[in-house]
Amino acid sequence: MRKGFITGPVLGALWLIVMATTVAVAMSFATGAAFRPQLLLCLLWGAVAGLIYVRFAPRHALARLTISGVMALAMASPVGPVVTGEGVSSSAVLVAMIALGGGMHLAMAAILQDTPFGTLTRHEYEAAVIRFLTGFGYIFFTAIVLIPFYVMVMTSLKSQQALLQNPLDFSVEISKGAELFRSYVELFRDFNFGTYLWTSFYVSVLTVAITLAFSVPGAYAVARFRFKGQKAFSRSILLIYMVPMIVLALPIYIAFSMTGLRNSILGIVMIYPVTTIPVALYMLQGYFRGLPTEVEEAGLMDGLSRLAVIWKITLPLSLPALASVSLYVFMIAWNEFLLAFMLLDDPSKFTLTRGVAMLNSSEIPRQHLMAGAVIATVPIMVLFLGLERFMTKGLTAGSVKG
Amino acid sequence: MSTALPPTGTGALAKREARLAWGLLAPTLISVALVVVLPLLAVIWISFKPFALSDLRPPAPIVRESLRGSGDEMRVEYRVRNSSQEETIQGVTLRDHVPEGVEIIGDLPEVCTLTGRDLFCDFGDMEGGERERLRLPITANLDEDTLEAAVEDSEPTMTGAGKSVLTSPALSMENYKRLFDGGEFWTVFGVTMFYTVFGTIGALVMGLFGALLLNKSFTGQGLVRGLYLFPYVAPVIAVAFTWVTLFDPFSGSANALLIQMGVTESAINFFGDRPLALIMVTVFEIWRYFPLSFLFILARMQSIDSSMYEAADMDGASPFQKFWLLSLPQLLGILSVLFLLRFIWTFNKFDDIFLLTGGNAGTRTLTVNVYEQAFAISNIGAGAAVAVVILLCLLCFSFFFFKFISREEGL
Numbered sequence: 001m002r003k004g005f006i007t008g009p010v011l012g013a014l015w016l017i018v019m020a021t022t023v024a025v026a027m028s029f030a031t032g033a034a035f036r037p038q039l040l041l042c043l044l045w046g047a048v049a050g051l052i053y054v055r056f057a058p059r060h061a062l063a064r065l066t067i068s069g070v071m072a073l074a075m076a077s078p079v080g081p082v083v084t085g086e087g088v089s090s091s092a093v094l095v096a097m098i099a100l101g102g103g104m105h106l107a108m109a110a111i112l113q114d115t116p117f118g119t120l121t122r123h124e125y126e127a128a129v130i131r132f133l134t135g136f137g138y139i140f141f142t143a144i145v146l147i148p149f150y151v152m153v154m155t156s157l158k159s160q161q162a163l164l165q166n167p168l169d170f171s172v173e174i175s176k177g178a179e180l181f182r183s184y185v186e187l188f189r190d191f192n193f194g195t196y197l198w199t200s201f202y203v204s205v206l207t208v209a210i211t212l213a214f215s216v217p218g219a220y221a222v223a224r225f226r227f228k229g230q231k232a233f234s235r236s237i238l239l240i241y242m243v244p245m246i247v248l249a250l251p252i253y254i255a256f257s258m259t260g261l262r263n264s265i266l267g268i269v270m271i272y273p274v275t276t277i278p279v280a281l282y283m284l285q286g287y288f289r290g291l292p293t294e295v296e297e298a299g300l301m302d303g304l305s306r307l308a309v310i311w312k313i314t315l316p317l318s319l320p321a322l323a324s325v326s327l328y329v330f331m332i333a334w335n336e337f338l339l340a341f342m343l344l345d346d347p348s349k350f351t352l353t354r355g356v357a358m359l360n361s362s363e364i365p366r367q368h369l370m371a372g373a374v375i376a377t378v379p380i381m382v383l384f385l386g387l388e389r390f391m392t393k394g395l396t397a398g399s400v401k402g
Numbered sequence: 001m002s003t004a005l006p007p008t009g010t011g012a013l014a015k016r017e018a019r020l021a022w023g024l025l026a027p028t029l030i031s032v033a034l035v036v037v038l039p040l041l042a043v044i045w046i047s048f049k050p051f052a053l054s055d056l057r058p059p060a061p062i063v064r065e066s067l068r069g070s071g072d073e074m075r076v077e078y079r080v081r082n083s084s085q086e087e088t089i090q091g092v093t094l095r096d097h098v099p100e101g102v103e104i105i106g107d108l109p110e111v112c113t114l115t116g117r118d119l120f121c122d123f124g125d126m127e128g129g130e131r132e133r134l135r136l137p138i139t140a141n142l143d144e145d146t147l148e149a150a151v152e153d154s155e156p157t158m159t160g161a162g163k164s165v166l167t168s169p170a171l172s173m174e175n176y177k178r179l180f181d182g183g184e185f186w187t188v189f190g191v192t193m194f195y196t197v198f199g200t201i202g203a204l205v206m207g208l209f210g211a212l213l214l215n216k217s218f219t220g221q222g223l224v225r226g227l228y229l230f231p232y233v234a235p236v237i238a239v240a241f242t243w244v245t246l247f248d249p250f251s252g253s254a255n256a257l258l259i260q261m262g263v264t265e266s267a268i269n270f271f272g273d274r275p276l277a278l279i280m281v282t283v284f285e286i287w288r289y290f291p292l293s294f295l296f297i298l299a300r301m302q303s304i305d306s307s308m309y310e311a312a313d314m315d316g317a318s319p320f321q322k323f324w325l326l327s328l329p330q331l332l333g334i335l336s337v338l339f340l341l342r343f344i345w346t347f348n349k350f351d352d353i354f355l356l357t358g359g360n361a362g363t364r365t366l367t368v369n370v371y372e373q374a375f376a377i378s379n380i381g382a383g384a385a386v387a388v389v390i391l392l393c394l395l396c397f398s399f400f401f402f403k404f405i406s407r408e409e410g411l
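Line by line, the protein sequences give chains A and B. Take the first sequence: its position 102, counted from the start at 1, is 102 in our numbering, and no numbers get skipped. Take the second sequence: its position 28, counted from the start at 1, is 28 in our numbering, and no numbers get skipped.
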């Protein structure tokens with residue numbers, strides 16, 4: 001197995017399958033036209049290419065470019081690695097050719113660099129396999145993450161008719177101008193999405209505020225003071241993590257129905273923080289433990305009370321952690337669906353997630369649902385990308401809550 | 001001369017600190033007790049009750065007052081009924097004010113007395129589903145509209161209360177019996193285990209793969225890391241509906257793509273066909289939660305001491321050897337903790353399956369079954385029984401978890 005003339009063709013063949021599938025899927029999604037990878041031909045072309053790339057070192061660029069170029073040009077014939085259907089525009093075919101040939105050349109040159117034709121050492125062999133897996137991994141993960149979001153955004157811009165006609169055609173007709181955003185306009189005008197957006201926003205902000213107000217003192221107490229039951233307490237926080245929401249939602253639904261809190265924002269604001277307090281408390285106490293006690297002790301020596309120490313020393317020092325926790329809690333509250341779904345029935349009081357759930361009916365066209373999904377996703381994504389550093393820290397700080 | 005001894009027992013300072021600690025914890029404790037502990041006890045209580053959605057309101061007498069007839073043949077009618085079909089209501093009485101200008105003529109019904117303008121009727125106990133009708137002939141010197149308004153303005157007040165199913169002390173095993181009757185429970189349990197085990201392992205393996213990819217610094221690493229977290233950060237409702245749209249058998253892009261590529265002849269109903277639907281929801285679970293394992297594993301990888309790898313390089317270890325013999329043992333701790341945590345949370349997952357398939361096509365897990373029983377079949381008691389089974393399972397899992405977590409510090 002560890003021979004250059006075997007490793008090269010095998011990796012080449014596998015890589016061409018990856019490449020051809022990627023190009024075909026990407027072109028199909030971009031143009032809606034028919035592109036189909038031919039697996040057997042891919043194996044053949046890829047094996048030949050792999051062989052040539054291990055046989056000829058980079059200084060023989062001509063041989064390498066020729067095979068990649070011929071392979072790409074073969075797309076025009078029925079024996080190429082990717083065949084195109086009827087009525088595919090020539091520019092699309094050209095783009096696919098360039099992507100396939102260029103991708104193949106660059107990737108093969110990288111994967112099979114320093115791979116001799118004859119016997120490989122264990123290092124050379126494994127390095128080549130790892131480079132192949134890395135390339136595959138990047139394409140694979142990027143595809144599975146991006147495709148759903150791409151479909152979500154593009155579907156929201158299409159009309160029902162166009163979608164049924166060719167579900168693959170996501171090309172945007174720029175000429176339609178503002179018409180493109182019809183679903184969004186209708187959601188805001190006829191479905192009250194402006195109100196939902198606002199409700200979701202202030203419910204989330206209130207949740208963050210209440211959560212912090214409860215969990216900061218609690219976390220400080222767990223992190224700094226020694227008292228009986230401290231260990232049992234930290235464990236029970238984790239235990240509460242493990243209670244499924246649906247189990248709690250049942251009695252909460254009954255209690256709220258009986259007390260008239262169902263269908264009120266007050267009820268939602270009362271219940272959301274309690275689901276996030278344990279998480280926040282757990283994250284914060286980990287951070288507080290890491291802060292040096294000396295600073296606080298100095299404050300105590302200078303005559304500050306414990307509460308003043310928390311307020312004037314600990315909190316300013318833990319601003320990054322507070323930001324992480326706030327973001328995380330905001331995300332949980334913003335994305336929360338189950339409780340909003342069970343406790344809110346009155347369309348004037350919906351949160352955004354509840355509003356999107358309402359759009360999931362056969363009478364409302366799909367692009368409205370997708371537009372709703374986009375409206376729910378965009379604010380949290382903007383927040384996330386803007387503050388990614390805090391967010392990842394917040395996520396790793398001690399929460400594995402799903 | 002007395003020897004100085006270190007102080008024993010709890011000193012004043014320690015006491016004060018403990019008091020402050022509990023004071024700081026009190027708000028959290030109280031709220032958590034109210035919203036977590038109390039509901040849990042309630043669920044256990046309800047699971048022993050035959051409690052349907054319609055029993056949410058305790059049985060109460062319901063009255064409707066109306067003015068019938070015209071001219072000389074006028075009468076006021078009270079129709080009283082028991083809101084519950086089964087429960088008896090005790091001590092049902094009716095009080096009403098007879099408005100000015102209205103006179104009751106003829107004999108009062110047996111159960112009623114009139115003192116001044118106050119009418120009082122005592123119905124005693126009302127059986128479940130019982131109805132009563134009182135007819136009071138009246139004369140009035142008001143015109144018809146004002147009369148109607150006057151009669152209906154004075155709302156009759158009712159007393160009488162029945163036992164709510166919820167508060168009665170009778171317990172029954174009915175819900176559990178029905179739950180374990182027939183093979184349905186074990187099917188649901190099997191589906192839950194499939195979903196949980198494969199969802200957890202899949203997310204871990206994908207997360208490990210992703211972390212290995214990003215465990216080197218290059219420009220744009222932060223961006224790629226942020227991108228790979230998208231599935232987890234986006235609202236579940238948005239991504240779940242996107243998947244449903246993407247895999248729709250009629251207008252879904254995935255089917256169009258597969259047909260075009262010649263993988264399949266006709267459209268596949270991804271979320272509607274048995275075994276496939278279960279596999280799809282598991283894949284969704286993996287897709288949505290691999291970012292989390294990825295993030296944790298990456299964080300752990302970056303804290304592994306690099307000198308170990310340098311030593312391995314000196315000894316001529318190959319990349320695969322370094323992975324198997326160095327990285328993996330170092331990651332075993334975080335992997336096992338992640339496995340246990342993810343296992344528990346996947347077991348608890350409700351939203352995802354509920355939004356994707358609604359628990360149809362062989363994807364009903366225990367948590368979806370809670371909802372199904374309580375709201376679709378309107379039997380809250382049965383739903384609570386399923387919830388109690390879930391809690392028992394979780395108790396077992398958390399036992400393992402704590403055995404591990406005390407060994408694996410840091411999480």
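Ideal Cβ positions, reconstructed from N, Cα and C, are used throughout, including at glycine. Just so it is clear, the structure is predicted and the values come from calculations on it, not from any experiment.
Taken through DSSP and simplified to helix, strand or coil, B/R79 comes out as strand. At the C-beta level, B/L40 and B/E152 stay beyond 9 Å of one another.
Collapsing the DSSP output to three states places A/I271 in a helix. Following the DSSP letters along the chain, one finds B/S66 inside the beta strand (DSSP E) bounded by residues P61 to R68. Of the candidates B/A384, B/R133, B/A42 and B/S70, B/R133 places its Cα closest to the Cα of B/P61.
Apart from the 5 residues on each side of it in sequence, B/N141 sits with its Cβ closer than 8 Å to the Cβ of G101 in its chain, given in chain order.
No Cβ-Cβ contact shorter than 9 Å links B/N255 with B/F271. Under a criterion of Cβ atoms nearer than 7 Å, no residue of chain B is adjacent to A/Y202; the nearest Cβ is some 17 Å distant. A straight line joining the alpha-carbon of A/G101 with that of A/F140 spans about 19 Å. Closest in C-alpha terms to A/L212, from the list B/F404, B/F397, B/T28 and B/L20, comes B/T28. In terms of Cα proximity to B/M193, the closest of B/F209, B/A317, B/T282 and B/I105 is B/T282. Distance between B/L38 and A/M258, taken at the CA atoms: about 15 Å.
In the displayed model, B/E130 falls within coil according to three-state DSSP, outside both helix and strand. Within chain A, no residue has its CB atom less than 9 Å from the CB of B/M173, the nearest being about 19 Å off. The beta carbon of A/V205 does not come within 9 Å of any beta carbon belonging to chain B, so the residue lies off that interface.
Residue-level contact by beta carbon fails for A/K312 and chain B, as no gap is shorter than 9 Å. Taking C-beta separations shorter than 7 Å and ignoring five residues to either side along the sequence, the partners of B/V111 in its chain run C121, D122 and F123, following chain order.
Taking a beta-carbon distance threshold of 9 Å, B/K349 counts as an interface residue toward chain A. Across the set B/A267, B/K322, B/A277 and B/R225, the C-alpha of B/K322 shows the shortest separation from the C-alpha of B/S307. About 6 Å separates the CB atoms of A/A107 and A/W15; that is less than 8 Å, so the two are in contact.
Chain B places a beta carbon closer than 9 Å to that of A/M381, counting this residue as a contact. The three-state secondary structure of B/M261, taken from DSSP, is coil. Note: B/Q90 is bridge-paired with B/A161 in the DSSP secondary-structure output.
Listed along the chain, the chain A residues whose CB falls inside 8 Å of the CB of B/W243 are P148.
Within the same chain, and ignoring the five residues on either side of A/W45 in sequence, the residues whose Cβ sits closer than 7 Å to its Cβ are L16, M71 and P81.
If you look at B/L340, you'll find it in the alpha helix (DSSP H) that goes L328 to N348.
Membership of A/F35 in the beta strand (DSSP E) is indicated by the continuous run F35 to P37.
Distance check between B/G383 and each of A/L250, A/Y125, A/V54 and A/V274 places A/L250 closest, using alpha-carbon atoms only. Residue burial annotation: A/C42 is buried, with at least 16 other C-beta atoms found within 10 angstroms of its C-beta. Within the same chain, A223 come within 7 Å of A/R289 by CB-CB distance, once the 5 residues on both sides are set aside.
In the assembly as shown, A/A110 is an exposed residue. Its beta-carbon has fewer than 16 other beta-carbons within 10 Å. When the alpha-carbon of A/L238 is set against those of A/T276, A/V274 and A/Y282, the nearest one is in A/Y282. Residues of chain B with a Cβ closer than 9 Å to the Cβ of A/W334 are, in chain order, P235. Counting other Cβ atoms within 10 Å of its Cβ, B/R135 stays below 16 and is therefore classed as exposed. Here B/R131 has R81 as same chain residues with Cβ atoms under 6 Å from its own Cβ, once five neighbours each way along the sequence are excluded. Boundaries of the beta strand (DSSP E) harbouring B/T113: C112 to T115, taken from the DSSP string.
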